[in-house]
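In the numbering used here, the protein residues as written are 499 to 901. Below: the structure, in structure tokens.
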């Protein structure tokens with residue numbers, strides 16, 4: 499691609515975010531090939547029901563390819579006719595014998611060809627590119643989930659510290675969501691749901707790279723710059739780009755649903771809109787899968803920072819203490835533990851220290867089994883079945899997807 503072409507292109511999917519593997523499916527030349535394939539299949543069907551002589555069907559189907567009906571010839575004819583399908587049909591008719599000409603495109607409307615060609619293209623690009631790319635990403639998530647199934651991390655709800663989980667358990671949630679998305683591609687609505695799952699994961703990774711959290715990071719090359727004015731910055735640009743790609747195409751789902759409306763027997767109010775959203779959604783999705791896979795390969799997990807954040811507030815044991823008090827017969831266990839938490843935050847004393855000094859809790863601890871006591875000894879012990887659940891999710895999707 500020449501510099502002239504690069505700097506004069508208008509749409510970013512043509513250069514900056516181009517996915518070359520999609521050319522055989524989404525390019526104008528590729529779509530012409532799909533439309534000609536429809537014409538070839540249709541003429542064979544006419545021969546099968548006796549409408550068209552078999553030798554004529556063979557002649558037309560043999561010529562219905564982009565080597566004979568070239569994009570250049572079709573574009574030149576379209577300039578004259580101002581109709582892309584009629585231009586294709588005329589070029590195809592010019593390539594066959596006089597006897598065969600009347601049967602070219604016989605009985606078809608333009609959108610019989612266009613809609614069928616789109617369906618063929620979506621079927622092929624999904625089977626050949628999208629599903630394999632999604633499965634590759636799922637593999638990487640599974641490997642990371644297995645690796646970090648026992649790495650304890652503080653869970654967060656509403657941006658606040660909640661219960662301890664494991665990083666692998668967190669990743670397993672995305673393994674499950676993405677696995678379901680792979681199974682349910684039906685098409686644009688589910689494709690964008692899958693894209694939303696990927697954008698959600700990218701957004702989480704971006705937040706976990708915040709200076710004050712720092713639990714993950716992405717590898718920077720030696721000469722890479724994070725900010726034009728602040729040399730210390732190492733911005734999570736790769737994850738941010740995925741969220742931005744999602745934001746760019748998500749509104750297209752409105753166009754997809756609006757294109758359901760077609761007045762009377764047919765109109766062309768969906769023609770221009772589909773030319774935008776079909777390649778844009780697919781290109782952005784596949785590009786973001788590739789970028790997410792690359793990001794995961796370069797992901798750095800800071801287990802020390804995870805541990806530090808886990809212990810930051812010293813209040814992660816509040817829930818198990820409350821549950822044990824309630825099960826031990828305390829009539830207002832939640833309020834009692836809440837007061838202890840407030841005292842811990844106010845004094846800066848870890849909740850675990852206050853628990854050890856509290857007479858009511860000490861009395862309770864004397865009466866509970868040793869395995870439950872261990873939960874209160876270390877916050878890392880309060881992850882429940884997170885590790886087992888991670889293994890269960892990973893096993894399920896490995897088996898389901900054959901990976």
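By construction, the Cβ of each residue, glycine as well, lies at the ideal position given by its N, Cα and C atoms.
Taking the CA atoms as reference points, residue 560 sits about 9 angstroms from residue 566.
Across the set 634, 691, 708, the C-alpha of 634 shows the shortest separation from the C-alpha of residue 789. Within its own chain, no residue has a Cβ closer than 6 angstroms to the Cβ of residue 630 once the five positions on either side in sequence are excluded. The straight-line gap separating the alpha-carbon atoms of residue 743 and residue 544 is approximately 44 angstroms. For residue 593 and residue 568, the gap between their C-alpha atoms comes out near 11 angstroms.
With respect to the C-alpha of residue 562, the residue from 880, 644, 512, 589 having the closest C-alpha is 589. The C-alpha of residue 572 lies about 39 angstroms from the C-alpha of residue 791. Distance check between residue 827 and each of 747, 837, 862 places 862 closest, using alpha-carbon atoms only. By the Cβ-count criterion, residue 798 is exposed, with fewer than 16 other Cβ atoms from all chains shown falling within 10 Å of its own Cβ.
Beta-bridge partners assigned by DSSP to residue 658: 655. Cβ neighbours of residue 646 within its own chain (closer than 8 angstroms, five residues either side excluded): 664, 665, 666, 669, 799. Here residue 657 is exposed. Its C-beta has fewer than 16 other C-beta atoms within 10 Å.
For the pair of segments examined, the segment 840–860 was found not to touch the segment 596–613: the number of CB pairs separated by less than 8 angstroms stays below three.
Under the criterion of beta carbons closer than 8 angstroms, residue 591 and residue 580 do not qualify as touching, at roughly 18 angstroms.
With a cut-off of 8 angstroms on Cβ pairs, the segment 742–756 is in contact with the segment 773–786, counting three or more such pairs. About 23 angstroms separates the Cβ atoms of residue 888 and residue 697, ruling out a contact at the 8 angstroms cut-off.
Judged by DSSP in its simplified three-state form, residue 634 adopts helix.
Judged by their CB atoms, residue 899 and residue 677 are nearer to each other than the 9 angstroms cut-off. For the pair residue 679 and residue 741, the CB atoms are not nearer than the 9 angstroms cut-off.
Taking 9 angstroms as the cut-off, the Cβ atoms of residue 690 and residue 628 do not count as close. Between residue 807 and residue 883, the alpha-carbon positions lie close to 21 angstroms from each other. If you check the CB distance, residue 536 and residue 614 come in under 9 angstroms.
Taking every protein chain shown into account, the CB of residue 636 has 16 or more other CB atoms within 10 angstroms, so this residue is buried. Per the DSSP secondary-structure output, residue 642 pairs with nothing in a beta bridge.
Distance from the CA atom of residue 880 to the CA atom of residue 639, rounded to whole angstroms, is 24 angstroms. With respect to the C-alpha of residue 531, the residue from 564, 867, 611 having the closest C-alpha is 564.
Under the three-state reduction of DSSP output, residue 716 falls in the strand class.
One thing to note: residue 813 has its Cβ within 9 angstroms of the Cβ of residue 843. For residue 892, the enclosing alpha helix (DSSP H) begins and ends at 884–899. From the listed residues 875, 785, 809, the smallest Cα separation to residue 510 is found for 785.
Residue pairing for residue 849: DSSP places it in no beta bridge. Around the beta-carbon of residue 768, 16 or more other beta-carbon atoms lie within 10 Å, marking it buried.
Taking 9 angstroms as the cut-off, the Cβ atoms of residue 662 and residue 703 do not count as close. Given a length threshold of 3 residues, each whole run of the beta strand (DSSP E) inside the segment 761–840 is given here in chain order: 797–799.
DSSP places residue 758 in no alpha helix (DSSP H); its state is neither H nor E. In this structure, residue 834 sits near residue 858, with a CB-CB distance shorter than 9 angstroms.
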